[in-house]
Amino acid sequence: MNVLSLFDGISCGRLALERAGFTSIKYYASEISTAAITVSEHNYPDLIRLGDVQNWKDWDINWNSIDLLIGGTPCQGFSFAGKQLNFNDPRSKLFFVYLDILNHIKSLNPNVRFLLENVKMKREYQDIISKSLGVEPIMINSSLVSAQNRKRNYWANWGIKQPQDKGILLSDIVLDGIVEKDKAYCLTCRSGNARDYFKKHQSNIAFIPSSSGEYKIENGKINIVFKKSPDQNAYTFDVNIPDGRYNIRPLSPVECERLQTLPDHYTSSVGITERYNQLGNGWSVDTITHILKELKSQEQS
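If you count the sequence shown from 1, you need to add 197 to reach this note's numbering.
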């Protein structure tokens, strides 16, 4: 199978193809993030790398051989977590580059399959994408196949059903400690101050026993003290909660990899900050695997 992946990121699509049972994959990848490419090359050194998607007309590629076009166009302009610039955001306008490439391939290979992923957005913008692609999206929450709530729209020109609930909980993927919620909030690459992080990401935090410190949560107020973790890789937040004294820590990169259903240490070739960034930008692999299994099943029937 010849696959063209636009906005390839850390090549979650390549891993999903393998898990879906596709073999003999020739995988073309377009990506410009140095950190993302580093992760991708560490895991898949054999990919054919094409560079900036905006230079697609200069690519040396046999366009009529492409069987599958995949991509998740940058979502920051559409995301409710962002500034809602929508198509006024230059990153969101890259959807139309995806569309140009799809239409070019279709002119040479009308049977090409395509998959586009993006965030939940205002209906008027969703309708523009749907009309342009000629298909309606299916919204899948990756909580069905992972320990993370991650609602995304998927446009594809083959039938997609909702995946079965695997019953994976946040407690199943943490390395140590306990968690308050069954599912984590959606991973993002955004950062903020400690108070905002604590309020928004309570279910992305693990509590581990601590015997030191005198810190309180009372009257709805949060008193937080930063401490370096023993491995010096992350900060912890010491607080006192009603049933004991704990260290509160953000989920580790490995735990975030598990949220995205990636192998442990998949992103270990870059620094810790970029690990979080790239994981937040990436795909929930087993959701994509489910979608691609639907394609494989329909092509075999």
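Idealized CB from N, CA, C, for every residue including glycine.
Considering Cα atoms alone, identify which of the options is closest to residue i.
{"i": "Ile-258", "options": "Val-332, Arg-455, Lys-363, Ile-298", "result": "Ile-298"}
{"i": "Leu-305", "options": "Ser-262, Trp-253, Ile-222", "result": "Ser-262"}
{"i": "Asp-264", "options": "Lys-290, Ile-302, His-301, Val-309", "result": "Val-309"}
{"i": "Glu-471", "options": "Val-451, Met-198, Lys-490", "result": "Val-451"}
{"i": "Tyr-295", "options": "Trp-253, Asn-199, Ala-344, Tyr-241", "result": "Trp-253"}
{"i": "Gly-468", "options": "Tyr-322, Leu-459, Ala-232", "result": "Ala-232"}
{"i": "Leu-456", "options": "Ser-498, Lys-490, Ile-370", "result": "Ile-370"}
{"i": "Val-250", "options": "Ile-488, Thr-220, Phe-204", "result": "Phe-204"}
{"i": "Trp-260", "options": "Ala-217, Tyr-322, Thr-220, Pro-307", "result": "Pro-307"}
{"i": "Ile-245", "options": "Ala-217, Ser-202, Asn-346", "result": "Ser-202"}
{"i": "Leu-346", "options": "Ile-207, Ser-208, Leu-266, Gly-477", "result": "First, the residue type needs correcting, since residue 346 is Asn and not Leu in the sequence shown. Out of Ile-207, Ser-208, Leu-266, Gly-477, Gly-477 has the C-alpha closest to the C-alpha of Asn-346."}
{"i": "Gly-248", "options": "Leu-266, Pro-460, Pro-242, Glu-228", "result": "Glu-228"}
{"i": "Thr-235", "options": "Gly-206, Val-376, Leu-384", "result": "Gly-206"}
{"i": "Phe-293", "options": "Lys-319, Met-318, Ile-325", "result": "Ile-325"}
{"i": "Trp-355", "options": "Leu-313, Met-318, Val-376", "result": "Leu-313"}
{"i": "Val-376", "options": "Leu-291, Arg-446, Pro-460, Asn-300", "result": "Arg-446"}
Rounded to whole angstroms, what is the Cα-Cα separation between residue i and residue j?
{"i": "Leu-448", "j": "Tyr-473", "result": "10 Å"}
{"i": "Ser-465", "j": "Trp-352", "result": "31 Å"}
{"i": "Ser-368", "j": "Asp-255", "result": "48 Å"}
{"i": "Val-316", "j": "Ile-335", "result": "11 Å"}
{"i": "Glu-215", "j": "Lys-378", "result": "31 Å"}
{"i": "Pro-360", "j": "Leu-366", "result": "16 Å"}
{"i": "Lys-380", "j": "Ile-357", "result": "24 Å"}
{"i": "Ala-148", "j": "Ser-329", "result": "This structure cannot settle anything about residue 148, because the visible part of the chain is limited to 198 through 498."}
{"i": "Thr-458", "j": "Val-482", "result": "6 Å"}
{"i": "Asn-199", "j": "Asn-240", "result": "19 Å"}
{"i": "Lys-425", "j": "Glu-454", "result": "Since pLDDT at Lys-425 reaches only 43, below the 50 mark, its modelled position is unreliable, and the value read off the structure follows with that caveat. Cα to Cα, Lys-425 sits roughly 22 Å from Glu-454."}
{"i": "Val-332", "j": "Ser-237", "result": "30 Å"}
{"i": "Gly-268", "j": "Ile-485", "result": "11 Å"}
{"i": "Tyr-573", "j": "Gly-374", "result": "Outside the modelled stretch of the chain, which goes from 198 to 498, sits residue 573, for which no answer is possible."}
{"i": "Ala-217", "j": "His-487", "result": "7 Å"}
{"i": "Gly-210", "j": "Trp-480", "result": "8 Å"}
{"i": "Ser-339", "j": "Asp-362", "result": "9 Å"}
{"i": "Leu-372", "j": "Lys-303", "result": "46 Å"}
{"i": "Val-342", "j": "Gly-364", "result": "7 Å"}
{"i": "Asn-222", "j": "Pro-271", "result": "A small fix is needed here, since residue 222 is Ile in this sequence, not Asn. About 25 Å."}
{"i": "Gln-475", "j": "Glu-496", "result": "32 Å"}
{"i": "Leu-492", "j": "Ser-208", "result": "19 Å"}
{"i": "Tyr-224", "j": "Leu-266", "result": "10 Å"}
{"i": "His-462", "j": "Ser-230", "result": "19 Å"}
{"i": "Arg-349", "j": "Lys-490", "result": "18 Å"}
{"i": "Lys-319", "j": "Ser-327", "result": "12 Å"}
{"i": "Asn-300", "j": "Pro-460", "result": "34 Å"}
{"i": "Phe-219", "j": "Phe-311", "result": "16 Å"}
{"i": "Ala-226", "j": "Lys-290", "result": "19 Å"}
{"i": "Ile-337", "j": "Ser-498", "result": "24 Å"}
{"i": "Ala-344", "j": "Leu-384", "result": "11 Å"}
{"i": "Pro-242", "j": "Glu-321", "result": "40 Å"}
{"i": "Ser-510", "j": "Gln-323", "result": "This structure leaves residue 510 out entirely; the chain is present only between 198 and 498."}
Could you pull the start and end residues of the alpha helix (DSSP H) that residue i belongs to?
{"i": "Phe-293", "result": "291 to 305"}
{"i": "Ile-485", "result": "482 to 497"}
{"i": "Gln-475", "result": "469 to 478"}
{"i": "Val-250", "result": "Counting along the chain, Val-250 falls outside any alpha helix (DSSP H), and DSSP gives it neither H nor E."}
{"i": "Pro-156", "result": "The requested residue 156 is not part of the displayed model; the chain covers only 198 to 498."}
At what residues does the beta strand (DSSP E) containing residue i begin and finish?
{"i": "Val-316", "result": "310 to 316"}
What does residue i pair with, by DSSP beta-bridge criteria?
{"i": "Leu-203", "result": "Gly-268"}
{"i": "Arg-320", "result": "According to DSSP, Arg-320 bridges with nothing at all."}
{"i": "Ile-258", "result": "The partner list for Ile-258 (beta bridge, DSSP) is empty, contrary to what the question assumes."}
At a Cβ threshold of 9 Å, is residue i touching chain B?
{"i": "Gly-268", "result": "Protein chain content of the structure displayed is limited to a single chain, and chain B is not contained in it."}
Go through the segment 213 to 246 residue by residue and report every complete run of the beta strand (DSSP E) that reaches 3 residues or more, in order. 223 to 226
At 4 residues or longer, what runs of the alpha helix (DSSP H) sit wholly inside the segment 331 to 373? 367 to 370
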